[in-house]
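Counting from 0, one number per residue, gives the positions in the sequence shown under numbering that gives the first Met the number 0. Glycine included, C-beta positions come from ideal geometry on N, C-alpha and C. All values reported here derive from a predicted model rather than from experimental measurement. Step one of this worksheet: look at the structure below.
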Amino acid sequence: MKNLDIKFFEYQCENGLRVALVHKPDFSRSFFLCGVKCGGVDRRQRVGSKEIIYPSGCAHFLEHVMFHYRGGDVSDQFAQLSCQVNAFTSPYETAYYFSTTEDPKEPLELLLRFVQNLELTDDVVEKEKGIILSEWDMVHQNPDSCFLMSVWNALYNKHPMKEDVIGKKADILSMNKETLQSFYLNHYTPQNMALIGVSSQDPQTLFDQIKEIEGSLQSSILGKNRLCLLKEDLNVASPSFVKTMDISNQYVGLAIKLEPVKDQRIRFLLETQIQLTLDAFFSTFSAEFQTWIDQRILSLDCGAEADIMPDHAHLLFYAQTPLPNQFYKIVEHVLWQMQNQKIPDAVFTALQNRLYAQQIRLFDRFEELAIEIFQSMAQGISLKEQLNWIASLDVDSTFEAVSNLDLSHQSQILLKGLD
């Protein structure tokens with residue numbers, strides 16, 4: 000990334016751990032993330048010739064118990080080193096990270112050692128069940144989360160996206176030490192992990208430390224594993240999905256199931272082209288948008304997004320509105336525009352420049368940058384490639400890609416209040 004004057008270094012340890020370091024010499028803060036390429040969708044695995052089916056929520060449950068280290072909570076050990084530590088589990092990744100304004104040497108070693116050492120007992124598993132069940136209750140009382148879960152349930156028949164990352168309550172209750180150990184051994188291997196750091200420290204000195212730590216660790220690998228997904232066709236699970244809960248403002252959505260795209264470059268380009276088109280016709284960039292706001296069909300709590308992945312793909316329009324039928328008519332109009340009208344040149348240039356600038360600004364937001372680098376490494380696309388592809392987009396190729404989409408596989412989602 001020389002043209003942006005961004006000092007970015009990539010290495011690989013002998014055990015396969017990939018390392019990416021961003022040198023920020025003028026900053027006192029350091030941020031390090033250790034990511035594992037596994038998440039909520041990693042339920043059905045083939046390990047060698049054997050197929051293993053894990054319960055829902057396994058990756059998330061493991062994230063919780065990982066914090067039990069050396070007989071206590073590793074968060075306390077990070078706090079003693081003047082660090083803040085946290086973790087997250089998404090459909091495709093699990094990540095553990097810390098930030099500090101002190102010397103990162105000790106917490107970096109702690110991060111690598113605790114993520115690559117599972118210390119698990121039956122008591123720890125049982126204790127964590129109560130914590131996760133409390134989190135499950137909070138998630139299922141949150142209307143935003145419930146709306147998204149309704150979307151996935153409306154779209155997908157067999158894909159594990161239809162199940163929340165936190166898992167089913169019954170699976171949480173039945174989780175045991177042996178299942179978590181198996182999941183850990185099959186996923187938490189250096190070849191399936193990456194370490195990303197953003198720091199003022201010298202990158203080569205940091206990598207020498209990382210190499211030394213990794214050389215002292217023993218990795219248990221049961222065999223090469225791969226994700227096995229049941230075949231998912233384009234038919235939506237439910238053309239209309241209605242859920243009720245105690246809310247004052249109802250949520251309305253229209254989701255469209257698309258063909259997944261396996262090639263990562265084509266996938267990234269298509270998702271970007273679709274998102275630019277959605278923003279052109281369903282945001283403040285559209286001259287009609289303010290009219291829809293004035294008519295109270297839409298509020299500012301609305302949007303549209305594209306998610307194109309190798310194993311699933313969809314578009315989603317959403318809003319909080321008391322007028323669902325008018326909302327669906329607006330979406331129908333926008334879909335027609337997307338496939339019949341090119342984005343005006345001035346609007347396209349503005350959206351393209353905004354997206355490019357958003358990517359550049361990541362380099363001043365340590366946490367977002369580290370997560371973006373980890374995800375790009377997992378997908379095999381560098382941030383530099385992403386920037387170059389964004390810069391190369393044009394109106395004609397964008398219109399051609401979007402106009403050829405099959406938008407017929409739709410589901411209407413309504414999350415409404417109690418009668």
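Residue i and residue j: beta carbons closer than 8 Å?
{"i": "Ala193", "j": "Phe347", "result": "no"}
{"i": "Leu315", "j": "Val150", "result": "yes"}
{"i": "Gln44", "j": "Leu275", "result": "no"}
{"i": "Gln325", "j": "Ser298", "result": "no"}
{"i": "Gln272", "j": "Leu382", "result": "no"}
{"i": "Gln263", "j": "Gln378", "result": "yes"}
{"i": "Gln249", "j": "Gly15", "result": "no"}
{"i": "Ala19", "j": "Gly38", "result": "no"}
{"i": "Leu277", "j": "Ala400", "result": "no"}
{"i": "Tyr187", "j": "Gln115", "result": "yes"}
{"i": "Glu231", "j": "Lys157", "result": "yes"}
{"i": "Leu179", "j": "Val124", "result": "yes"}
{"i": "Ala303", "j": "Phe267", "result": "no"}
{"i": "Gln420", "j": "Leu386", "result": "This structure cannot speak to residue 420, because the chain is shown only from 0 to 418."}
{"i": "Gln338", "j": "Ser402", "result": "yes"}
{"i": "Asp245", "j": "Leu417", "result": "yes"}
{"i": "Pro323", "j": "Val251", "result": "yes"}
Using only CA atoms, which one of the options lies nearest to residue i?
{"i": "Ser407", "options": "Leu233, Tyr91 and Ser181", "result": "Leu233"}
{"i": "Ile329", "options": "Leu361, Pro259 and Ile296", "result": "Ile296"}
{"i": "Arg112", "options": "Leu32, Val260 and Tyr10", "result": "Leu32"}
{"i": "Ile131", "options": "Asp163, Val84 and Gln409", "result": "Asp163"}
{"i": "Phe60", "options": "Ser181, Leu269, Thr100 and Tyr317", "result": "Ser181"}
{"i": "Ser237", "options": "Gly70, Tyr155, Glu101 and Gly129", "result": "Tyr155"}
{"i": "Glu134", "options": "Val123, Val401 and Lys167", "result": "Lys167"}
{"i": "Ser410", "options": "Leu269, Lys256, Glu304 and Leu368", "result": "Lys256"}
{"i": "Arg69", "options": "Lys104, Gln203, Ser144 and Leu117", "result": "Leu117"}
{"i": "Ala369", "options": "Asp25, Ser48 and Ala86", "result": "Ala86"}
{"i": "Ile307", "options": "Ser285, Ile209, Asp170 and Ile265", "result": "Ile265"}
{"i": "Ile171", "options": "Leu404, Ser55 and Glu9", "result": "Ser55"}
{"i": "Ala78", "options": "Thr93, Pro106 and Ala286", "result": "Pro106"}
{"i": "Lys104", "options": "Glu287, Gln289, Thr290 and Ser29", "result": "Ser29"}
{"i": "Glu177", "options": "Glu371, Leu119 and Met148", "result": "Leu119"}
{"i": "Glu453", "options": "Phe240, Leu253, Val241 and Ser48", "result": "Residue 453 lies beyond the residue range present for the chain, which begins at 0 and ends at 418; the question has no answer from this structure."}
{"i": "Gly129", "options": "Glu92, Asp405, Glu384 and Met174", "result": "Met174"}
{"i": "Met148", "options": "Val241, Gly71 and Asp72", "result": "Val241"}
{"i": "Ser420", "options": "Ala305, Thr99, Tyr327 and Gly71", "result": "Residue numbering for the chain in the displayed model covers 0 to 418; residue 420 lies beyond these limits and cannot be assessed."}
{"i": "Tyr327", "options": "Ser239, Trp388 and Glu384", "result": "Ser239"}
What does the alpha-carbon distance come out to for the pair residue i and residue j?
{"i": "Ile342", "j": "Ser396", "result": "11 Å"}
{"i": "Thr243", "j": "Lys415", "result": "5 Å"}
{"i": "Ala312", "j": "Pro259", "result": "5 Å"}
{"i": "Asp300", "j": "Ile412", "result": "16 Å"}
{"i": "Glu108", "j": "Ile212", "result": "7 Å"}
{"i": "Cys145", "j": "Val138", "result": "7 Å"}
{"i": "Lys6", "j": "Ala279", "result": "34 Å"}
{"i": "Val235", "j": "Ala153", "result": "7 Å"}
{"i": "Gly17", "j": "Gln208", "result": "Strictly speaking, residue 17 in this sequence is Arg, with Gly absent from that position. Between Arg17 and Gln208, the C-alpha separation is close to 14 Å."}
{"i": "Asp121", "j": "Ala169", "result": "18 Å"}
{"i": "Glu344", "j": "Val35", "result": "The sequence as given places Asp at residue 344; Glu does not occur at that position. Answer to the nearest angstrom: the Cα atoms are 41 Å apart."}
{"i": "Leu216", "j": "Asp25", "result": "33 Å"}
{"i": "Glu371", "j": "Arg360", "result": "12 Å"}
{"i": "Pro321", "j": "Arg353", "result": "32 Å"}
{"i": "Asp293", "j": "Tyr317", "result": "17 Å"}
Using a Cβ-Cβ cut-off of 7 Å (strictly less than) and excluding sequence neighbours within five positions of residue i, which residues of its own chain qualify?
{"i": "Ala390", "result": "Tyr355"}
{"i": "Leu110", "result": "Phe31, Cys33, Tyr95 and Phe97"}
{"i": "Leu221", "result": "Reliability fails at Leu221, whose pLDDT of 48 lies under 50, so the model's placement of it is uncertain and no value is given."}
{"i": "Ser74", "result": "Phe66 and Val84"}
{"i": "Lys23", "result": "Val197, Ser198 and Ser199"}
{"i": "Gln336", "result": "Phe280"}
{"i": "Met376", "result": "Arg17, Ala19 and Ala193"}
{"i": "Ser247", "result": "Gly416"}
{"i": "Val394", "result": "Lys341, Ile342, Asp344 and Phe347"}
If you drop the 5 nearest sequence neighbours on each side, which residues of the same chain put their C-beta closer than 6 Å to that of residue i?
{"i": "Leu127", "result": "Contrary to the premise, residue 127 reads as Glu rather than Leu in this sequence. Cβ neighbours of Glu127 beyond the five flanking positions: His63 and Val64."}
{"i": "Arg42", "result": "Tyr53 and Pro159"}
{"i": "Glu101", "result": "Ser81"}
{"i": "Lys210", "result": "Cys12"}
{"i": "Asp310", "result": "Leu228 and Pro259"}
{"i": "Phe398", "result": "Lys341"}
{"i": "Glu9", "result": "Ala19"}
Take residue i and list the residues in its own chain whose beta-carbon comes closer than 8 Å to its own, dropping the five residues that flank it on each side.
{"i": "Ala349", "result": "Phe284"}
{"i": "Pro90", "result": "Gly38, Gly39, Val40, Pro159, Met160 and Val164"}
{"i": "Glu92", "result": "Gly34, Val35, Lys36, Cys37, Gly38, Phe373, Gln374 and Ala377"}
{"i": "Lys261", "result": "Pro309"}
{"i": "Trp388", "result": "Arg264, Phe267, Leu268 and Thr271"}
Problem set entry | Contact between the region 355-372 and the region 188-208 (3+ Cβ pairs under 8 Å) | yes
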